[in-house]
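Scroll down for the structure; my scribbles are underneath it.
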Amino acid sequence: MSYNVATAALGHTDRGEHSSHRSPRPPTLCVHRLHTGRADRTFSHYDGLYPGHIITTPFQKALLAVGSGVVALQDPYRHDMVAVLGETTGHLVLINLRDRMRNDPEGYTVLTERPKIRLSTLDLEKMASLPDGSFGREYLRFLEDNEVTPDSRAEVKFVDDEELAYVMLRYREVHDLMHTLLGMPTNMLGEVAVKWFEAAQTGLPMCALGALLGPLRLNTRRLQSLFTSLGPWALQNGWQARCVLSIFYERRWDQSLEELRRELKIQPPPVDFTKRRKNGR
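In full-length UniProt numbering, the protein residues as written are 1 to 281.
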């Protein structure tokens, strides 16, 4: 089963889903020139629904979960399938994450104001002018080095509550920020390490599945690095860190990355991938 087939069976079509995390046109710093200027959709309060919501029965959700799970297992880079799997299996966990955000003053502000991380909401020139080591500058460097864009994140469709839908969207949008905070690249080893952190931090089933099956795609050397170093570090940080969804990152761009890590109780990575990139490794 594929997402398009499943949604067609439900009487819906989708033409805007991104199947890849990578931007087709590097670098990110210049990608704002390609921005279409379309109005950025924002979440508004609806009676249990939200823009783009697709109503599904529990049985239909189960079919979507199984179908998307099978495809995602075969191709972890099918981010559209990973997105559907997360939306159809994470309801109870999303409630817990929402409650954690509500009980945190900054998280409550995020839930109230509902910021979105998109090219249309980022001041790329200002971020580029920030000093090296600042959170905003390092996040922009991550986007440029890995040729990715925040606009690749899919909108939520199958979560049957508009506030929980925003929590899921916020999780997706801060994923690249987790790469920045954790100092992880976007190769398979880096993605698996981030998934281990996210699984411990959020408890989302799709994160746990990625953390469990991701290592199967690693070679022996990287498996050793994961199990002896990066994995334990990622799990420990995920368990001890403050709720990463409760941070208003858009107001933290000029903060030192090291200071933000200390505030969130995230330890620096045991492997410095930045130096490895500079050395061509």
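By construction, the Cβ of each residue, glycine as well, lies at the ideal position given by its N, Cα and C atoms. It should be emphasised that the depicted structure is a prediction, and the values quoted were computed from it without experimental measurement.
Rounded C-alpha distance that separates Leu264 from Val244 | 8 Å
Put Val174 into one of helix, strand or coil per three-state DSSP.
-> It is coil, neither helix nor strand.
Which residues share a DSSP beta bridge with Ser256?
-> Ser134
Could you tell me if Lys126 is buried or exposed, where buried requires 16 or more neighbouring beta carbons within 10 angstroms of its beta carbon?
-> exposed
Close beta carbons around residue 287, own chain, < 6 Å, minus the five adjacent residues each side = The requested residue 287 is not part of the displayed model; the chain covers only 1 to 281.
Expected contact under 8 Å - CB spacing of Arg261 and Pro268 to nearest Å | 7 Å
In terms of residues, what are the limits of the alpha helix (DSSP H) holding Gly238?
-> 231-240
Cβ contact (3+ pairs, closer than 8 Å) linking the region 218-233 and the region 111-129 | Contact between the region 218-233 and the region 111-129 is absent, with fewer than three C-beta pairs closer than 8 Å.
Beta-carbon separation (whole angstroms), Thr88 vs Lys61, contact threshold 8 Å | Contact between Thr88 and Lys61 holds: CB atoms are separated by about 5 Å, below the 8 Å threshold.
Alpha carbon to alpha carbon, how far is Asp123 from Val159? Give it in angstroms, no decimals.
-> One C-alpha to the other measures close to 30 Å.
Val93 - DSSP class collapsed to helix/strand/coil = helix
Confirm, please, whether the CB-CB distance from Gln201 to Gly238 is below 8 Å.
-> With contacts defined as CB atoms closer than 8 Å, Gly238 and Gln201 qualify as a contacting pair.
Close-in-space but distant-in-sequence residues of the same chain around Trp83 (CB under 6 Å, 5 per side omitted) | It should be pointed out that residue 83 corresponds to Ala in this sequence rather than to Trp. Closer than 6 Å at Cβ, skipping near neighbours: Ala154.
Would you please state the rounded distance, in angstroms, between the beta carbons of Leu130 and Ile266? I believe it to be under 8 Å.
-> Your pair Leu130 and Ile266 does not check out as a contact, with CB atoms roughly 20 Å apart and the cut at 8 Å.
Contacts around Leu92, its chain only, beta-carbon distance under 6 Å, and the 5 residues preceding and following it disregarded = none
Specify the secondary structure class of Phe248 as computed by DSSP and reduced to three states.
-> coil
Distance between Gln240 and Ala199 (C-alpha atoms, nearest Å) = 12 Å
Starting from Lys157 and walking both ways along the alpha helix (DSSP H), at which residues does that stretch end?
-> Unbroken run through Lys157: none, as it is neither H nor E.
Tell me whether His53 sits in a helix, a strand or coil according to DSSP, three-state version.
-> DSSP places His53 in the coil class of the three-state scheme, outside both helix and strand.
Backbone CA spacing between Ile54 and Thr220 [nearest angstrom] | Take the alpha-carbon of Ile54 and the one of Thr220: they are about 42 Å apart.
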